[in-house]
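K.L.:
First the structure, which I've put down as structure tokens, then a few questions once you've had a look.
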């Protein structure tokens, strides 16, 4: 059965999509069967993973509102034999409205993933930078949360709000939801602030913080514009090596 991991932080610009795409690719390169689900109406994980928007058929929107099965929306073997992707388009934003009056609305994603769960080792969900009904669905479907934490002051400040939401979901919808790890992103060892945020995160979360940190890296920032994960765009870059190391840590943690 797959480990279902929601990559979430209600703050934007912390590296959620970068982490989702590159961690999925690194796990697939390690010959793990991976399903990457783009749960953000912006669809950045879709384009960043290399999906041709002109060829997109059914998306996560149709799956979430119950019109299609997960398998119908899955693009198989993208860049790697063991990497499948469920794309998103801006239509997904409409699901917030359509699900409001539906019974069991917060468990639609959970039911959809259950259909394909035994086909994968990991299901990674890229969540939108908000705490709305779409994110609630994604967290209700997940076994655990992976939290990208940008090494800046405001990122730490907003973390308490996310943890409050996690506790609310644990009490009401998904009591099994855990935290698989906190990943420090956009780390710059030259800056006192980066080192301070890293130290505070490790003090608060302890062993839940990944040993690997993801540095600021130009090649990592360039890769999405070419529609390629960093390990296909420049495997020798520090960004690629960081996500390969994160994948190894995650595999070790989930054994």
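In my numbering, the protein residues as written are 51 to 305. All residues carry an ideal CB built from backbone N, CA and C; glycine is no exception.
#1: Where does residue 122 land, buried or exposed, given buried means 16+ other C-beta within 10 angstroms?
#2: Are the C-beta of residue 237 and some C-beta of chain D separated by less than 7 Å?
#3: So, with DSSP's three-state summary, where would you put residue 96?
#4: Quick one: residues in its chain with C-beta nearer than 7 Å to the C-beta of residue 216, no 5 flanking neighbours on either side, listed in chain order?
#5: Quick one: residues in its chain with C-beta nearer than 6 Å to the C-beta of residue 137, no 5 flanking neighbours on either side, listed in chain order?
#6: Which whole-angstrom value describes the C-beta separation of residue 175 and residue 56, a residue pair presumed to lie in contact below a C-beta threshold of 8 Å?
#7: So what does DSSP say about residue 128, is it helix, strand or coil?
#8: Over what stretch of residues does the beta strand (DSSP E) that includes residue 87 continue unbroken?
#9: Measuring only the C-alpha atoms, how far is residue 283 from residue 113?
#10: Would you give the residue range spanned by the alpha helix (DSSP H) that residue 101 belongs to?
#11: With a threshold of 6 Å (Cβ to nearest heavy atom), would residue 90 be considered close to the ligand HEM?
#12: DSSP state of residue 308, grouped into three classes?
#13: Which parts of the stretch 162-224 are runs of the beta strand (DSSP E), unbroken and 3 residues or longer, counting only runs that do not cross its ends?
#14: Short check: CB of residue 187 to CB of residue 156, under 7 Å?
#15: Straight-line CA distance for residue 246 to residue 208?
#16: Taking DSSP as the reference, what is the three-state secondary structure of residue 55?
#17: When you compare only the Cα positions, how much space is there between residue 285 and residue 198?
#18: Within 10 angstroms of its Cβ, does residue 267 collect 16 or more other Cβ (buried), or is it exposed?
#19: Does the Cβ-Cβ distance between residue 258 and residue 232 come in under 7 Å?
#20: Taking the continuous alpha helix (DSSP H) assigned at residue 77, which residues delimit it?
P.N.:
Here's the rundown:
#1: Looking at its Cβ environment, which holds fewer than 16 other Cβ atoms inside 10 Å, residue 122 is exposed.
#2: You won't find chain D in this structure, because it holds only one protein chain.
#3: Residue 96 falls in the helix class under three-state DSSP.
#4: So the qualifying residues of the chain are 195 and 227.
#5: Same-chain partners within the cutoff: 88, 96, 101, 106 and 109.
#6: So it is a contact: roughly 5 Å between Cβ atoms.
#7: Coil, per DSSP.
#8: Its beta strand (DSSP E) spans residues 84-88.
#9: Rounded to whole angstroms, residue 283 to residue 113 spans 31 Å at the Cα level.
#10: Run containing residue 101: none; DSSP gives neither H nor E here.
#11: Absence of the ligand HEM is noted for the structure shown, with no ligands found whatsoever.
#12: The chain is shown only over 51 to 305; residue 308 falls outside these bounds and no answer can be derived.
#13: Qualifying beta strand (DSSP E) stretches, in chain order: 172-176 and 194-200.
#14: Contact flag set, yes.
#15: As the crow flies, the alpha-carbon of residue 246 is around 16 Å from that of residue 208.
#16: Strand.
#17: C-alpha separation (whole angstroms): 21 Å.
#18: Counting Cβ neighbours within 10 Å, residue 267 comes out buried, since at least 16 surround it.
#19: Yes, the Cβ-Cβ distance between residue 258 and residue 232 is below 7 Å.
#20: Residue 77 -> alpha helix (DSSP H) spans 66-79.
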